[in-house]
Amino acid sequence: AVVVGAGSSSSTPKIACVVTHADCPSCKAAVQDPTSRSHRLNPSFLLQLRKRRSAGDPCDAHGRRHGDNNTSEPLFNILVDCGKSFRESAIKVFAPLGVSFIHSLLLTHPHADAILGLDDLREFSIPSRPTPVYLDAETEVQVRKTFNYLFPTEEAKKKKLWVASVDWRPMFEGSPVRPKGELLHGVLDVSFPTCTRPLPASQKAKQMEVEESPPSPPPPSSWPVSVFQVWHGVDTVSNAFVFPLPCTADGGEDEEEDCKVIVYLSDISVVKDDTLATIRRHIQLLHDRIRRDRRPTEVATATPQQQIPTAVTERPVDEREWSVRDEIPTAVTERPVDEREWSVRDDEAFLSKFVEVAIVDMLSEEPYISHLNTKEAVAAAKRIGAGHTYFVGMSHSLFYDNMALRIKELGGDTSRMELAWDGCVVYGPAANTRTAVNDDACD
Numbered sequence: 001a002v003v004v005g006a007g008s009s010s011s012t013p014k015i016a017c018v019v020t021h022a023d024c025p026s027c028k029a030a031v032q033d034p035t036s037r038s039h040r041l042n043p044s045f046l047l048q049l050r051k052r053r054s055a056g057d058p059c060d061a062h063g064r065r066h067g068d069n070n071t072s073e074p075l076f077n078i079l080v081d082c083g084k085s086f087r088e089s090a091i092k093v094f095a096p097l098g099v100s101f102i103h104s105l106l107l108t109h110p111h112a113d114a115i116l117g118l119d120d121l122r123e124f125s126i127p128s129r130p131t132p133v134y135l136d137a138e139t140e141v142q143v144r145k146t147f148n149y150l151f152p153t154e155e156a157k158k159k160k161l162w163v164a165s166v167d168w169r170p171m172f173e174g175s176p177v178r179p180k181g182e183l184l185h186g187v188l189d190v191s192f193p194t195c196t197r198p199l200p201a202s203q204k205a206k207q208m209e210v211e212e213s214p215p216s217p218p219p220p221s222s223w224p225v226s227v228f229q230v231w232h233g234v235d236t237v238s239n240a241f242v243f244p245l246p247c248t249a250d251g252g253e254d255e256e257e258d259c260k261v262i263v264y265l266s267d268i269s270v271v272k273d274d275t276l277a278t279i280r281r282h283i284q285l286l287h288d289r290i291r292r293d294r295r296p297t298e299v300a301t302a303t304p305q306q307q308i309p310t311a312v313t314e315r316p317v318d319e320r321e322w323s324v325r326d327e328i329p330t331a332v333t334e335r336p337v338d339e340r341e342w343s344v345r346d347d348e349a350f351l352s353k354f355v356e357v358a359i360v361d362m363l364s365e366e367p368y369i370s371h372l373n374t375k376e377a378v379a380a381a382k383r384i385g386a387g388h389t390y391f392v393g394m395s396h397s398l399f400y401d402n403m404a405l406r407i408k409e410l411g412g413d414t415s416r417m418e419l420a421w422d423g424c425v426v427y428g429p430a431a432n433t434r435t436a437v438n439d440d441a442c443d
């Protein structure tokens, strides 16, 4: 899991600081050294899932046939957001990682820093296999206005123009229009490519031998991701995600105990008690899904299941004590056994146990209508209690070299909280040992 972009919508260096030669530490550092951790592009996140080949599976990560000697395990690349700096981010971060294909894209919201790179998706897709792009109804409205040619008619498809080949998919089943003042959430099945091309004649004999052997489990076709909307300002929402990590339990009664998650909150303006309760419920949903699939050791083996869209109403002003039944509609509660009242402390304890990595919004020192400031971001990170929290979305006003001390001043644990940077590996073999761009240590 890699932070592709850790900056704000304006990115760093900021144009105004460059053209006016402003005395801005972040922008100066970013101009002088593009590999500096103060050089930050639009928020974006990459997850790479390794698919284990089943017997006789002849496909590589692109769904293409490979030779007999190719035994490597393909990586599936799932990207979150491709904003206006996506092209620069891809050159900066994807090249060192060897990413040449995007298998699925998740969009958080309809702003420029999340969608304006969609045109460059053509560099990472092929016409015969459109890239699944998941988006909510409000984002789709804006994308259609901006990129109408990415929704081609059958007649336009015949012209074979070089544009991104996209398979548009609703983030929430039925593409519901969000009722005013409410937030949607559900469970999404992110698709993996499948191999459908016929075998070359040279491999038919080998395939016949494979078919005579005991059948293997089918290759994974999707990966469960919990999605829930959060406030991104007064009347704008953004999609947040809970990504399950590989479970290590061996199938016992408490097998979900080892299933950690990544929580992604890149564009959020407030973190309340309700937010923590929502994250906790979505972790429980993923635990239930993985337990039902009975394949706890491989995240990518979860089978597709219908999404569960619903709406979550904001806590009313009466400030009464809410029970878990008040907070969540029956349709989204997949854990009927747990009927106890969840307190705020219960939620915080639950999150600290299961959230391995949290990606949390942090814009600047000053309050802002649609993002968390430094004080709010650190407070949110402390409440979530993740094994490690990485802050993203920083403006040029936050100089990387000064922020460890600032986080400590705000009561944060700098051994578990830090600013992310473009190319920062947050989970996987390289996490906390190197970046995706260079070999600097994560400190």
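Under UniProt numbering, the first residue of the sequence shown is numbered 1, with each subsequent residue one higher. Positions of the beta carbon are idealized from the N, C-alpha and C atoms, including for glycine. Because the structure is a prediction, the values reported are computed rather than measured.
Tell me the rounded alpha-carbon separation between residue i and residue j.
i	j	result
residue 272	residue 414	23 Å
residue 224	residue 351	19 Å
residue 47	residue 133	15 Å
residue 98	residue 357	23 Å
residue 126	residue 171	22 Å
residue 198	residue 176	Residue placement at residue 198 cannot be trusted, given a pLDDT of 38 that sits under 50; the coordinates are not used to answer.
residue 186	residue 244	14 Å
residue 162	residue 119	10 Å
residue 85	residue 341	45 Å
residue 384	residue 153	46 Å
residue 34	residue 117	20 Å
residue 167	residue 280	31 Å
residue 287	residue 260	9 Å
residue 139	residue 179	15 Å
Terminal residues of the continuous alpha helix (DSSP H) containing residue i?
i	result
residue 25	25 to 32
residue 350	344 to 354
residue 6	Run containing residue 6: none; DSSP gives neither H nor E here.
residue 405	400 to 409
residue 122	Counting along the chain, residue 122 falls outside any alpha helix (DSSP H), and DSSP gives it neither H nor E.
residue 384	374 to 384
residue 89	86 to 89
residue 113	112 to 115
If contacts are defined as beta-carbon pairs under 8 Å, then residue i and residue j qualify, I think. What distance do you get, rounded to the angstrom?
i	j	result
residue 3	residue 392	6 Å
residue 105	residue 79	5 Å
residue 426	residue 390	5 Å
residue 189	residue 222	4 Å
residue 448	residue 122	Within the shown structure, residues of the chain are numbered from 1 to 443, placing residue 448 beyond reach of any answer.
residue 388	residue 267	Their Cβ separation, rounded to whole angstroms, is 20 Å, which puts residue 388 and residue 267 out of contact at 8 Å.
residue 360	residue 411	About 15 Å separates the two Cβ atoms, so there is no contact after all.
Nearest to residue i by alpha carbon, out of the options?
i	options	result
residue 89	39, 405, 341, 268	39
residue 147	263, 98, 112, 96	112
residue 418	428, 395, 381, 396	381
residue 265	118, 372, 136	372
residue 395	115, 366, 222	366
residue 422	30, 18, 24, 283	30
residue 369	386, 387, 269, 342	269
residue 398	1, 12, 267	12
residue 405	32, 375, 428	375
What are the boundary residues of the beta strand (DSSP E) that includes residue i?
i	result
residue 445	Examination of residue 445 is not possible in this model, given that the chain is present from 1 through 443 alone.
residue 268	Note, residue 268: premise wrong, no beta strand (DSSP E); not H, not E.
residue 134	131 to 135
residue 240	237 to 244
residue 93	Run containing residue 93: none; DSSP gives neither H nor E here.
Would you verify that the beta carbon of residue i is, or is not, closer than 8 Å to some beta carbon of chain D?
i	result
residue 41	The chain inventory of the structure shown lacks chain D, comprising one protein chain alone.
Do the region 133 to 147 and the region 40 to 48 meet, that is, are 3 or more Cβ pairs less than 8 Å apart?
-> Cβ pair count under 8 Å is below three, so no.
Touch test, the region 231 to 238 against the region 276 to 286, Cβ-Cβ under 8 Å, three pairs minimum | no
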